[in-house]
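S.K.: Structure in structure tokens, see below.
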Amino acid sequence: MPAVTAASTPAPTALKAAMHTTPVEGQFDVSALFVADKATREAAAKAFTALAQKDGPGAMESIAFTDAVVKALADKKSPAAREGAADAVRLLVVDGAIKVLEPVFIDSGIYAALLEAFADKMPAVRTAAIEAVKEYVSAMNPWAAGLILPALLHEIKTAGKWQLKTGSLTVLNQLVKSAPVQTARLMPEIVPVLAEAIWDTKADVKKAARDSLTKATALVSNKDIERFIPALIKALINPVEEVPGTIALLSATTFVSEVDSATLSLMVPLLSRGLNEKLTATKRKVAVIIDNMAKLVDSAVTVRPFIPKLLPGLIKVETTIGDPEARGVVGKAIATLRQVGEVPHGDGSELPPHKAVESGPLAHSLIAIYKKFGAAPSVAHAAIIYASHLAAGLVNAKNFDVPEWDTLAPYLAFAASTPEPVTIAREWVVRSAAEDDEEEVAEDEEEGEDLCNCQFSLAYGAKILLNTATLRLKRGHRYGLCGKNGTGKSTLMRAITNGQVEGFPSPDEVRTFYVEHDIDGSEEDTSVLQFIVTDKRIQATKEETIEALAAVGFNDERQSQAIGSLSGGWKMKLALARAMLFKADILLLDEPTNHLDVVNVAWLENYLTSLTTCTSIIVSHDSGFLNNTITDVLHLNRFKLRRYRGNLEKFVQAVPEAKSYYSLEALEDYRFKLPDPPLLDGVKTKEKSLLKMRKVGFQYPTQAVQQLYDITLQVSLSSRVAVLGPNGSGKSTLVKLLIGDMEPNKGGEIWKHPNLVIGYVAQHAFHHIDNHLDKTPLEYMLWRYQTGEDLEELGKATRQISEEEAKKMKDGALVVVEGQKRLIDEIITRKKLKQSYEYEVSFKGLSSSENIWLPRDDLIKRGFEKKVIEVDTREAQRAGLLRPLVRREIEKHFADFGLEPEFVTHNTMRGLSGGQKVKIVLGAATWRRPHIICLDEPTNYLDRESLAALIEALKVFEGGVLIITHNREFSESICKEVWAMRDGHLEASGHNWVEGQGSGPRIDQKGGEDDDQYDAMGNKIDVKKQKKLSAAEQRKAKKERMARKKRGEDVDDDEDL
């Protein structure tokens, strides 16, 4: 149906003839609608309405109603006729005969004539015309919004008379109110026109346009930006002052809800303007917003109209921006926009318009249905044409709801009374849906009781995880939740537990229990039995609790122990026992095999597979455990959740690219890189020991039994050690002694090379960052290494001075220098002394000029061993910190662990996934370029892609490696040496311990190239290296320089030879 912009004006004589023709006896007198007397007009209008309701369109055709109304509205000499015509239309609508009027309202010229009357000289006519159109819009079929809107926007944009603009804005407000869903889809056309109208020179238009903009933007149903709508409107009104601030507000927002046309229409003008701002930071924020929003667009159809307004600007910014990190963010936004909008090439400025469904084919489809039922109305019938326009709107909106299509039946009744119009309408919707190309999603119709069947979206921090995903769970099934690190596996489990998944059954309907990674630290002094008994959620007696704990290995002695004394494996078993006693309908198990030895993993498999009425959702990186346990796979990929029947092997067959969930194979484009350690004084081969233990024993003060007995071992740069043993055998205790977290208290000694640096990741990896979750990884690194040394070192037992050690230091502090008694105050620094070091010491009450140097052995004898170690540690760390502690270097370092700069610099750690946090911990531990890397259960929170990448990195690492793990596949792929721990005793095998340097190849310092240089923005600077001249060339250059001097030429004395 063509857009209406103006009405033809009939000749006065023709109008007079139409209005004053003597009616045939019994026929309605149409001229009575346009007489001067208002009461007569209203009575005539009511009579005609009754006639129209009875006879339908035939009543209008018999008296040429539409022609008469158009002519009356154009009668310049009779205000009463113009007002009467508008009133006639309004009363026809108000009294319920609108269905008769709708098919001809636009094509007959009535609509255009009423719009022209908005600017009538007579106020009564203007008011009547506006009221007539308002009433019509409020009562018409809402799917006609797309037919009414074009003429309104045309008048708002181009009308010469301001009254026409304000009247059209009034009708637009009514359209927003009466057809909100349909008008929201038209927002891309509405917002640009209103954004222009708010700058109109006429104050009345400006005010009306701002009011309309506020009402229209209320149609934006996106929950993420609802609260920002006033700010967005302000940005349209005052772009210079408001745009940067509004962009800053939006950049801090997490986009979760689906982004539709209405949302984009409001956002794109702001984003387009933001790309032209001067500040790089603002442009970067715009790129982040575009990237996040584009990911939530449901189809290319939605985003393509906006691509010409965004893509050219992004491409321009990418080619001109100076900051390489920001340039990368812009590039990412461009890639996302191209993918979502299906624009592989070009800047999108010449995109062909999207092919929408036209009314013509739908009309022919309708006639074919009529013929099938034995009827044959004309395809040119006004009612058929109008119904086809409405149907086109429905199809383009992908709306095939039967009740919506039933609203077309009244118009079809005008074309043919038989067969039943509703029957035709329903046949039409079925045929239209079948012809539509929309991809259908297969329904999960498997038999069994549904515990959950819901659709939801999910985000965490600033990261979108799931968008309109469907979750359907059957009773008794065991679902493996699979996906890359950072796709939201653990977050989804948490969201279910916290009731944040829309549509998930409440705890009253379905009992859901989340098995924690760790027991809360506040419960450390509580006994195991008391911990379970006091949990109000547990539906079990004390006797049942004791029995359940015994079933997972807790004897009477262990049940009385404090939780804090349990190893990681026993804590996980306690969490599982608590879950058993909860008697849940749904068990959520996040890495349940973490810290469990082989025996307990087998027990867990048997337990889960024996549950017939309880459903499990399991996240695990242990592929063997998953393969043996699960009945279905829930795959998180590209913001959706899809179910695959069968175990992990069948899933990999169906989705070959997910093979990384099943095998430890490093991907070509996903690698970790560990920094090479610096050379150590006196260490000429990789076999020379850097760390030794001799007959070391240890016992926790709170325990009655000793934990470690007569431990002897050594570690070198060539060490590749797997520390194995059952839960509670002392593996983690041994490592804590090695790194200095604790000291031996049952005899023995530990020796370390003075310059040795150890990179350590604890069993509960998050303990490193738990107190810094509101920092970004960048801020955490700047805090941790702010002094040049690792602040984590300061809390270790090897740095804490006991009362006994302080007394020994006090007694040994007296030094006699040239007959004068002095007391040692501090140890400042050190320097090489033959095969050892000597240290500069200051004295109490004396200036630095009185400092002297003392040998290492002398200071240790005096009791200053820990002060010496402190200086050694500081110097060792400084030797390793050859790179500057700046953003570019830190981002580059974390990129070696697969963490994008966006997460490093712009996201707090609280918003990151478990896998991403472990990458931060790994990166922080290796920043000092350690000689030995010690990993306690590193497989707990890394997905298999990351594990494979870590294995490859450890294989080529130039330093030593110590790993505590229950994952045999992981340890066997790296480690040649095994330290088997059992009941506190160590049995080493596969080792090559030597005294002295050993017989291995010598470590020679490699002549490396100069480091790349960068400017302040992080761009690489090309430095041209000058060729070194030979002696003969230098002599020749000197002669030439002397000759130039004799000739009187200026010669720089510092000129390079």
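Residues in the sequence shown are numbered consecutively from -1, following the numbering used here. All C-beta atoms in this analysis are idealised placements derived from N, C-alpha and C, irrespective of residue type, glycine included.
1. I'd like the span of the beta strand (DSSP E) that includes residue 824, first residue to last.
2. Quick one: residues in its chain with C-beta nearer than 6 angstroms to the C-beta of residue 500, no 5 flanking neighbours on either side, listed in chain order?
3. Consult DSSP for residue 570 and reduce its assignment to one of helix, strand or coil.
4. Let me know the secondary structure DSSP gives residue 914 once reduced to three states.
5. Tell me whether residue 371 sits in a helix, a strand or coil according to DSSP, three-state version.
6. Tell me where the alpha helix (DSSP H) around residue 202 begins and ends.
7. Check whether the Cβ atoms of residue 927 and residue 682 sit closer than 7 angstroms, and answer yes or no.
8. With residue 696 as the anchor, note down where its beta strand (DSSP E) starts and where it stops.
9. Under the DSSP definition of a beta bridge, which residues are partnered with residue 836?
10. With three or more beta-carbon pairs closer than 8 angstroms as the criterion, would you say the stretch 853 to 865 touches the stretch 799 to 813?
11. Are the Cβ atoms of residue 195 and residue 207 separated by less than 7 angstroms?
12. Drop a sphere of 10 angstroms on the beta-carbon of residue 1040, count the other beta-carbons inside from all chains shown, and report buried for 16 or more, exposed for fewer.
13. Tell me, please, which residues DSSP counts as bridged to residue 638.
14. Examine the Cβ distances between the stretch 28 to 36 and the stretch 60 to 72 and report whether three or more of them are shorter than 8 angstroms.
15. Pull up the CB-CB distance for residue 147 and residue 184, whole angstroms please, since I reckon it's below 8 angstroms.
16. So who's on the other strand from residue 453, going by DSSP bridges?
17. Determine whether the beta carbon atoms of residue 399 and residue 420 lie at a separation below 7 angstroms.
18. Would residue 557 pass as a contact of residue 527 if the rule is Cβ separation under 7 angstroms?
19. Which parts of the stretch 535 to 608 are runs of the beta strand (DSSP E), unbroken and 3 residues or longer, counting only runs that do not cross its ends?
20. If you draw a straight line from the C-alpha of residue 711 to the C-alpha of residue 961, how long is it?
21. With respect to the beta strand (DSSP E) encompassing residue 984, which residues constitute its N-terminal and C-terminal limits?
22. Straight-line CA distance for residue 415 to residue 85?
23. Among 748, 755, 789 and 624, which has the Cα closest to the Cα of residue 767?
24. Going by beta carbon distance, what residues of the same chain come within less than 8 angstroms of residue 44, once the five residues before and after it are set aside?
25. Which ranges would you report for the alpha helix (DSSP H) in the stretch 127 to 213 if only whole runs of at least 4 residues count?
26. Would a C-beta distance cut-off of 7 angstroms place residue 98 and residue 135 closer than the cut-off?
27. What are the boundary residues of the alpha helix (DSSP H) that includes residue 396?
28. Could you give the residue range of the alpha helix (DSSP H) that holds residue 961?
29. Use the C-beta contact count for residue 685: other C-beta atoms within 10 angstroms, 16 or more gives buried, fewer gives exposed.
30. What are the start and end residues of the alpha helix (DSSP H) that includes residue 272?
31. Report, in whole angstroms, the separation of the C-beta atoms of residue 301 and residue 272, which I expect to be a contact under 8 angstroms.
32. Within the continuous beta strand (DSSP E) that includes residue 476, where are the two ends?
33. Alpha carbon to alpha carbon, how far is residue 243 from residue 176? Give it in angstroms, no decimals.
34. Spell out a yes or no on whether the stretch 911 to 930 and the stretch 774 to 789 are touching, meaning 3 or more CB-CB pairs, one atom from each, closer than 8 angstroms.
35. Which residue wins for smallest C-alpha separation from residue 967, given the options 945, 160, 786 and 979?
36. With distances taken from CA atoms, which of 285, 277 and 278 is nearest residue 265?
M.R.: Short version:
1. As a position in the sequence shown, residue 824 is number 826, starting the count at 1. Start and end: 818 to 831.
2. Sequence index remark: in the sequence shown, residue 500 carries index 502 (1-based). Cβ neighbours of residue 500 beyond the five flanking positions: 454.
3. Translated into the one-based positions of the sequence shown, residue 570 becomes position 572. Helix.
4. As a working note, residue 914 is residue 916 in the sequence shown. In this structure, residue 914 counts as helix in the three-state DSSP scheme.
5. Reading the sequence shown from its first residue, position 373 is the one you call residue 371. Of the three classes helix, strand and coil, the one that applies to residue 371 here is coil, per DSSP.
6. Indexing the sequence shown from 1 puts residue 202 at position 204. First-last of the alpha helix (DSSP H) with residue 202: 201 to 215.
7. Against the sequence shown, residue 927 aligns to sequence position 929. Against the sequence shown, residue 682 aligns to sequence position 684. Their beta carbons are not under 7 angstroms apart, which means residue 927 does not touch residue 682 by this criterion.
8. Here residue 696 corresponds to residue number 698 of the sequence shown, with the count starting at 1. Run containing residue 696: 687 to 696, per the beta strand (DSSP E) assignment.
9. Here residue 836 refers to the residue found at position 838 of the sequence shown. The partner list for residue 836 (beta bridge, DSSP) reads 829 and 853.
10. Yes: at least three Cβ pairs fall under 8 angstroms.
11. By 1-based counting over the sequence shown, the position of residue 195 is 197. By 1-based counting over the sequence shown, the position of residue 207 is 209. Closer than 7 angstroms, so yes.
12. Numbered from its first residue, the sequence shown carries residue 1040 at position 1042. Exposed.
13. What you label residue 638 is simply residue 640 of the sequence shown in a count that begins at 1. DSSP, once it has assigned bridges, lists 635 as partnering residue 638.
14. Contact check between the stretch 28 to 36 and the stretch 60 to 72: three or more CB pairs, one atom from each, fall below 8 angstroms, which counts as touching.
15. In the sequence shown, residue 147 corresponds to position 149, counting from 1. In the sequence shown, residue 184 corresponds to position 186, counting from 1. Separation of the CB atoms of residue 147 and residue 184 is rounded to 6 angstroms, and the pair is thereby assigned contact status at 8 angstroms.
16. Taking the first residue of the sequence shown as position 1, residue 453 is located at position 455. Per DSSP, 468.
17. Translated into positions along the sequence shown, residue 399 becomes position 401. Translated into positions along the sequence shown, residue 420 becomes position 422. No.
18. What you label residue 557 is simply residue 559 of the sequence shown in a count that begins at 1. What you label residue 527 is simply residue 529 of the sequence shown in a count that begins at 1. Yes, the pair counts as a contact, with Cβ atoms nearer than the cut-off.
19. 584 to 588
20. Stepping through the sequence shown from its first residue, residue 711 is reached at position 713. Stepping through the sequence shown from its first residue, residue 961 is reached at position 963. One C-alpha to the other measures close to 15 angstroms.
21. Taking the sequence shown and counting its residues from 1, the one referred to as residue 984 is at position 986. 983 to 987 is the span of the beta strand (DSSP E), which, as asked, contains residue 984.
22. Residue 415 sits at position 417 when you count from the first residue of the sequence shown. Residue 85 sits at position 87 when you count from the first residue of the sequence shown. Straight-line Cα distance between these residues: approximately 31 angstroms.
23. Here residue 767 corresponds to residue number 769 of the sequence shown, with the count starting at 1. Nearest of 748, 755, 789 and 624 to residue 767, Cα basis: 789.
24. Residue mapping note: residue 44 aligns to position 46 of the sequence shown, counting from 1. Closer than 8 angstroms at Cβ, skipping near neighbours: 89 and 93.
25. 143 to 156, 160 to 176, 178 to 183 and 185 to 195
26. Working through the sequence shown from its first residue, we reach residue 98 at position 100. Working through the sequence shown from its first residue, we reach residue 135 at position 137. No, the pair does not count as a contact, with Cβ atoms beyond the cut-off.
27. Along the sequence shown, read from residue 1 onward, the residue named residue 396 stands at position 398. From DSSP, residue 396 is part of no alpha helix (DSSP H); its letter is neither H nor E.
28. Counting from one through the sequence shown, the residue named residue 961 turns up at place 963. Premise fails: residue 961 lies in the beta strand (DSSP E), 958 to 962, not in any alpha helix (DSSP H).
29. Translated into the one-based positions of the sequence shown, residue 685 becomes position 687. Burial check for residue 685: the Cβ neighbour count within 10 Å reaches 16 or more, so the residue is buried.
30. Taking the first residue of the sequence shown as position 1, residue 272 is located at position 274. Residues 259 to 272.
31. As a position in the sequence shown, residue 301 is number 303, starting the count at 1. As a position in the sequence shown, residue 272 is number 274, starting the count at 1. Taking the Cβ atoms as the reference, residue 301 lies roughly 17 angstroms from residue 272, outside the contact range of under 8 angstroms.
32. Taking the first residue of the sequence shown as position 1, residue 476 is located at position 478. Secondary structure note for residue 476: its beta strand (DSSP E) is the uninterrupted segment 476 to 480.
33. Taking the first residue of the sequence shown as position 1, residue 176 is located at position 178. Taking the first residue of the sequence shown as position 1, residue 243 is located at position 245. Their Cα atoms are separated by approximately 34 angstroms.
34. yes
35. Taking the sequence shown and counting its residues from 1, the one referred to as residue 967 is at position 969. It is 945.
36. Here residue 265 refers to the residue found at position 267 when the sequence shown is read from its first residue. For residue 265, the closest alpha carbon among the candidates 285, 277 and 278 is that of 285.
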